[in-house]
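**Q** Mapped onto mature numbering (1 follows the signal peptide of the UniProt record, and there is no 0), the consecutive letters of the sequence shown carry residue numbers -27 to -1, 1 to 170.
Could you have a look at this structure, given as structure tokens, before my questions?
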Amino acid sequence: MNRLIPASAFAACSLIALLFSCNSVNNDPPGGVASDSAALVNRGAYLVTIGGCNDCHSPKRMGKMGPEVIPETQLSGYPSSRPLAAFDTALAKKGIAQFNEDMTAAAGPWGISFALNITSDVSGIGNWTPENFKTAMRHGKLKGAEKGRTLLPPMPWTNYTQMTDEDLNAIFSYLKQTKPVKNFPRYRSIFSRKAFV
């Protein structure tokens, strides 16, 4: 499974997910958006699903229909036990983005980035506050730290800058109740074109 997924395939999938989510804005899940905690978590699960969070943040294995999320490690990011993802530096030098076999790592003109753990474990977002989450999603700051570095591609944080507090609270509520998966980052994302030039 060391094949790279072409960036064009990922872009097409992202576009389909974006179009689907745009068309689904007025189609709330059963029960709509309610203020009770169970409904809030359900709304968050719905938004995580249509927002494509599993596309990059969940390790996958090949199944009958292609890559399938591994339930035990869902939303836990690039596995710390996995060797460093190998990318074609010649393609990166040309500005072509690449993904590893399960899309939890990417490379391009920005360098290499690895999807973070967003489960409820302390190695994920277990210690985050709602404010950390909103800062990460609306301002693209690593770990929601106001003075942190900007999140690297392919994290599409600019797509989420206008999300309502209600929707961000729902997503955060859902993520905070996910099964905790311990997965501390083994590799740091590289924010440097020098890696490929």
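C-beta: ideal position from N, C-alpha, C; glycine also.
All values derive from a computational prediction rather than experimental measurement.
Roughly how many angstroms lie between the CA atoms of P127 and D138, to the nearest whole one?
**A** On the sequence shown, residue 127 is found 154 positions in, with the first residue counted as 1. On the sequence shown, residue 138 is found 165 positions in, with the first residue counted as 1. Rounded to whole angstroms, P127 to D138 spans 23 Å at the Cα level.
**Q** Exposed or buried, F157, counting other C-beta atoms within 10 Å across all chains shown (16 or more means buried)?
**A** Looking up residue 157 in the sequence shown gives position 184. With fewer than 16 Cβ atoms within 10 Å of its Cβ, F157 is classed as exposed.
**Q** When the Cα atoms are used, what is the spatial distance from K155 to A63?
**A** For this step, residue 155 is matched to residue 182 along the sequence shown. For this step, residue 63 is matched to residue 90 along the sequence shown. Looking at the two C-alpha atoms, the distance is approximately 34 Å.
**Q** How should S49 be labelled, buried or exposed, when 16 other C-beta atoms within 10 angstroms of its C-beta is the threshold for buried?
**A** In the sequence shown, counting from the first residue as 1, residue 49 sits at position 76. Buried: at least 16 other Cβ atoms inside 10 Å.
**Q** Near K114, which residues of its chain fall below 6 Å by C-beta distance, leaving aside the five closest residues on each side in sequence?
**A** Locating residue 114 in the sequence shown gives position 141, counting from the first residue. Here the set comprises T108 and G121.
**Q** Put F60 into one of helix, strand or coil per three-state DSSP.
**A** Translated into positions along the sequence shown, residue 60 becomes position 87. DSSP places F60 in coil when its eight states are reduced to three.
**Q** Rounded to a whole number of angstroms, what is the C-alpha to C-alpha distance between Y147 and P103?
**A** Looking up residue 147 in the sequence shown gives position 174. Looking up residue 103 in the sequence shown gives position 130. So the alpha carbons of these two residues sit roughly 12 Å apart.
**Q** Taking DSSP as the reference, what is the three-state secondary structure of T137?
**A** Position 164 of the sequence shown, counted from the start, is the residue given in the question as residue 137. Note: T137 maps to coil in three-state DSSP.
**Q** One question on the structure: do K149 and S93 come within less than 8 Å of each other, judged by their Cβ atoms?
**A** Within the sequence shown, residue 149 is the residue found at index 176, counting from 1. Within the sequence shown, residue 93 is the residue found at index 120, counting from 1. Yes; because the gap between Cβ atoms is below 8 Å, this pair is in contact.
**Q** Using the three-state DSSP reduction, which class does P40 fall into: helix, strand or coil?
**A** Residue 40 sits at position 67 when you count from the first residue of the sequence shown. Three-state DSSP puts P40 in a strand.
**Q** Terminal residues of the continuous beta strand (DSSP E) containing I85?
**A** As a working mapping, residue 85 is identified with position 112 in the sequence shown. G84 to F87 is the extent of the beta strand (DSSP E) around I85.
**Q** Pick helix, strand or coil for R16, following the three-state DSSP scheme.
**A** Along the sequence shown, read from residue 1 onward, the residue named residue 16 stands at position 43. Helix, per DSSP.
**Q** Compare the Cα-Cα distances from R16 to each of L124, W83, F145 and A59 and report the closest residue.
**A** Against the sequence shown, residue 16 aligns to sequence position 43. If we check each option's Cα against that of R16, F145 comes out closest.
**Q** With a Cβ-Cβ cutoff of 8 Å, do residue 220 and D75 count as a contact?
**A** As displayed, the chain neither begins before -27 nor continues past 170, which places residue 220 out of reach and without an answer.
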